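J.: Shown below is the structure under consideration.
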Amino acid sequence: MQTHFTDTQLANPHIAEADKILRACVHCGFCTATCPTYVLTGDERDSPRGRIWMMRDMLESDAPAPKDTAHHIDRCLTCLSCMTTCPSGVDYMHLVDIGRAHIEKTRSRPIMDRLARTVLGIIVPRARLFHLALRFARFSRPFAGLMPKPFAAMLKLAPKTQTKLDEIGSADTVFRPSGAVKKRVILLAGCAQRALDPEINASTIRLLNRIGVEVIVKQQASCCGALAHHINQHDAAEQQMRQTVRSWAKIFETQQIDAVIVNTSGCGTTVKDYGHLLKNDAELSDKAKMISDNAMDISEFLAGLPALPVSDVQPLKVGYHAACSLQHGQKILDAPKQLLQRAGFQISTAKESHLCCGSAGVYNVLQSDLADQLKVRKIGHLNALDVDVIVAGNIGCINQLSDADAPICHTVQLLDWVTGGPKPKGL
Ligand code: SF4
Ligand code: SF4
130 MQTHFTDTQL
140 ANPHIAEADK
150 ILRACVHCGF
160 CTATCPTYVL
170 TGDERDSPRG
180 RIWMMRDMLE
190 SDAPAPKDTA
200 HHIDRCLTCL
210 SCMTTCPSGV
220 DYMHLVDIGR
230 AHIEKTRSRP
240 IMDRLARTVL
250 GIIVPRARLF
260 HLALRFARFS
270 RPFAGLMPKP
280 FAAMLKLAPK
290 TQTKLDEIGS
300 ADTVFRPSGA
310 VKKRVILLAG
320 CAQRALDPEI
330 NASTIRLLNR
340 IGVEVIVKQQ
350 ASCCGALAHH
360 INQHDAAEQQ
370 MRQTVRSWAK
380 IFETQQIDAV
390 IVNTSGCGTT
400 VKDYGHLLKN
410 DAELSDKAKM
420 ISDNAMDISE
430 FLAGLPALPV
440 SDVQPLKVGY
450 HAACSLQHGQ
460 KILDAPKQLL
470 QRAGFQISTA
480 KESHLCCGSA
490 GVYNVLQSDL
500 ADQLKVRKIG
510 HLNALDVDVI
520 VAGNIGCINQ
530 LSDADAPICH
540 TVQLLDWVTG
550 GPKPKGL
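Here the sequence shown stands for residues 130 to 556, where the numbers follow the numbering used here.
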């Protein structure tokens with residue numbers, strides 16, 4: 130794609146980066162067919178190609194973002210399906226970051242949108258507060274119809290039953306295996322996941338300890354910054370990322386660490402991008418890159434180890450839901466399925482598995498109409514599999530798909546179960 134930035138514009142490193150990305154796009158349109166929003170609306174402006182075109186015009190003009198451009202960029206899920214499809218290697222993920230930053234800087238959002246983003250940015254990254262908010266949401270759900278749209282969506286998305294808060298992550302803790310330590314990892318305990326399901330971290334740690342892996346959790350590294358990054362709260366995102374990098378980098382200074390494990394793939398995509406996101410940080414750029422280089426999804430880490438000691442084979446039919454952040458963001462396609470297959474489960478994958486379920490961070494709150502359509506479509510395909518259980522590697526998807534016919538849990542919960550852990554709830 131041709132671009133016409135001036136030399137002055139190109140002196141800005143963000144514009145220089147955008148220019149390079151834009152020039153890689155040959156405008157072939159292959160990406161449109163696999164873009165969930167284009168599949169739903171058929172509108173070129175809701176496709177990657179259309180959005181790339183609009184971002185080029187917006188950035189070149191150096192003017193406040195046009196309303197139409199902001200609207201269609203907001204409707205992008207950042208699912209990154211377009212990056213999997215693109216034959217030219219267009220780095221849409223970083224281009225849309227630059228486009229969104231320009232929109233945020235130059236346009237004022239409607240008050241309700243601003244308010245919803247502020248509330249999400251305050252509550253969701255704080256596990257305890259989010260857990261409390263979920264309790265409130267359960268009781269307020271009958272009044273959802275009286276609320277403005279994003280707040281109604283928040284209430285509807287709150288789980289119908291509330292679990293205990295996951296206390297893993299509320300203090301610095303080292304979880305040691307009972308036998309010899311074969312490997313040592315850092316685990317991101319996370320924020321929203323701790324409020325929504327306390328079993329995912331517990332299963333992860335039990336499973337890792339069982340195979341001789343010591344697990345270190347740092348309280349300071351409570352949020353990776355992904356949520357704030359998604360909703361364009363750049364200062365908050367950077368602060369959370371810097372705090373996490375500092376906290377983890379200190380451990381690397383004194384101990385041999387084999388990996389930084391993330392069991393929420395949305396967060397994993399962000400942690401793996403720390404090196405890029407903090408590349409201009411004079412203090413932390415090298416440390417951020419080191420963290421990114423060592424970051425691994427739990428399935429990726431387990432797949433690189435000897436076969437799991439399965440003690441209790443359960444020949445259940447499992448429907449695998451590939452989270453976008455895992456399949457498109459991290460390009461992890463087979464590891465979770467192979468681990469489950471090796472553990473004795475029968476795996477099937479639903480139709481249109483490349484398409485997003487609509488969760489996408491807090492997209493299901495801020496763009497609830499499109500998110501609901503994607504959810505219904507995804508649940509329809511999963512129900513057609515007629516399986517005993519659905520698994521996914523991302524808490525957002527697990528929450529979004531909880532209305533499916535089969536119970537849903539994290540991949541690691543099934544692996545923990547068949548190697549000696551408790552049976553996941555609902556099975
Ligand atoms: S597939 Fe890639 S090169 Fe083709 S239009 Fe989409 S982003 Fe551009
Ligand atoms: S990130 Fe997803 S929704 Fe956004 S343009 Fe790419 S494919 Fe479409």
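Note that beta-carbon positions come from the ideal geometry of N, C-alpha and C, so glycine has one too. Predicted model, so just to flag it, every value in this text is computed and none were measured.
1) Can you tell me whether S428 sits near ligand 4, meaning its C-beta is under 6 Å from at least one heavy atom of the ligand?
2) In or out: M370 buried (at least 16 other Cβ within 10 Å) or exposed?
3) May I ask you to list the residues that DSSP assigns as paired with G448?
4) Cβ of C157 within 6 Å of any heavy atom in ligand 1?
5) Per the contact definition of three or more C-beta pairs closer than 8 Å, is the region 216 to 230 in contact with the region 178 to 196?
6) Distance, Cα to Cα, P589 vs V520?
7) Just to confirm, are A281 and I232 a CB contact at a threshold of 7 Å?
8) Alpha carbon to alpha carbon, how far is L556 from D534? Give it in angstroms, no decimals.
9) Which residue from A324, A309 and Q348 puts its Cα closest to that of N338?
10) Shortest alpha-carbon distance to K293 belongs to which of R264, R305 and N523?
11) In the DSSP assignment, find the unbroken alpha helix (DSSP H) run with K401 in it and report its ends.
12) What runs of the beta strand (DSSP E), each 3 residues or longer, lie entirely inside the region 411 to 471?
13) Hey, quick one: how far does the beta strand (DSSP E) through I537 stretch, first residue to last?
14) Indicate, with yes or no, if ligand 2 has a heavy atom lying under 6 Å from the CB of S210.
15) Contact defined as beta carbons within less than 8 Å: I believe I427 pairs with I380. What is the distance between those atoms, to the nearest angstrom?
16) Please indicate yes or no: does the CB of P216 lie closer than 6 Å to some heavy atom of ligand 2?
17) Consider the C-beta atom of L139 and the heavy atoms of ligand 2; say whether any pair is separated by less than 6 Å.
18) Checking 7 Å against the spacing of the C-beta atoms, do T214 and T247 come in under that value?
19) I need the straight-line Cα distance from T383 to R375, nearest angstrom please.
20) So, with DSSP's three-state summary, where would you put I315?
21) For a test of the three-state rule: what should DSSP assign to I345, helix, strand or coil?
22) Based on Cα-Cα distance, which residue from T170, V400 and L261 lies nearest to L284?
23) Applying the criterion that 16 or more other CB atoms from any shown protein chain within 10 Å of the CB defines a buried residue, is M241 buried or exposed?
24) Less than 6 Å separating the Cβ of L169 from some heavy atom of ligand 2?
25) Whole angstroms is fine: what's the gap from G404's alpha carbon to I252's?
26) Please name the residue or residues paired with F304 in a DSSP beta bridge.
27) Kindly identify the DSSP beta-bridge partner or partners of H390.
28) Using the rule of at least 16 other Cβ atoms within 10 Å of the residue's Cβ for burial, across every protein chain shown, is C157 buried or exposed?
29) Under the assumption that V314 contacts V342 (Cβ atoms under 8 Å), give the Cβ distance between them as a whole number of angstroms.
30) Throw me the rounded Cβ distance for the L286 and N512 pair, which I believe falls under 8 Å.
31) In angstroms with no decimal places, state the Cα-to-Cα distance between I329 and A245.
32) Over the uninterrupted alpha helix (DSSP H) stretch that includes C352, give me the two end residues.
33) By alpha-carbon positions, which one of A489, F430, H133 and V344 ends up nearest to C396?
34) Cβ of D220 less than 7 Å from any chain B Cβ?
35) What three-state label does DSSP hand N361 in the structure shown?
36) In chain order, what residues of the same chain lie with their CB nearer than 7 Å to the CB of H358, ignoring the 5 residues before and after it?
T.: A quick look at the data gives this:
1) Within the structure as shown, ligand 4 is missing, the only ligands being ligand 1 and ligand 2.
2) buried
3) S477 and I519
4) yes
5) yes
6) In the structure displayed, the chain extends from 130 to 556; residue 589 sits before or after that span and is not available.
7) no
8) 12 Å
9) A309
10) R264
11) Where K401 is concerned, there is no enclosing alpha helix (DSSP H), given that its DSSP letter is neither H nor E.
12) 424 to 426 and 446 to 449
13) I537 to H539
14) yes
15) I427 to I380, Cβ: 18 Å. No contact.
16) no
17) no
18) no
19) 13 Å
20) strand
21) strand
22) L261
23) exposed
24) no
25) 26 Å
26) V344
27) It should be noted that the sequence gives Ile, not His, for residue 390. In DSSP, I390 forms a bridge with L316 and M425.
28) exposed
29) 6 Å
30) Actually they are not in contact, since the Cβ atoms of L286 and N512 sit about 20 Å apart, beyond 8 Å.
31) 28 Å
32) Careful: C352 lies outside any alpha helix (DSSP H) and carries neither H nor E.
33) A489
34) Reference to chain B is not applicable here, since this structure consists of a single protein chain.
35) coil
36) A366 and T399
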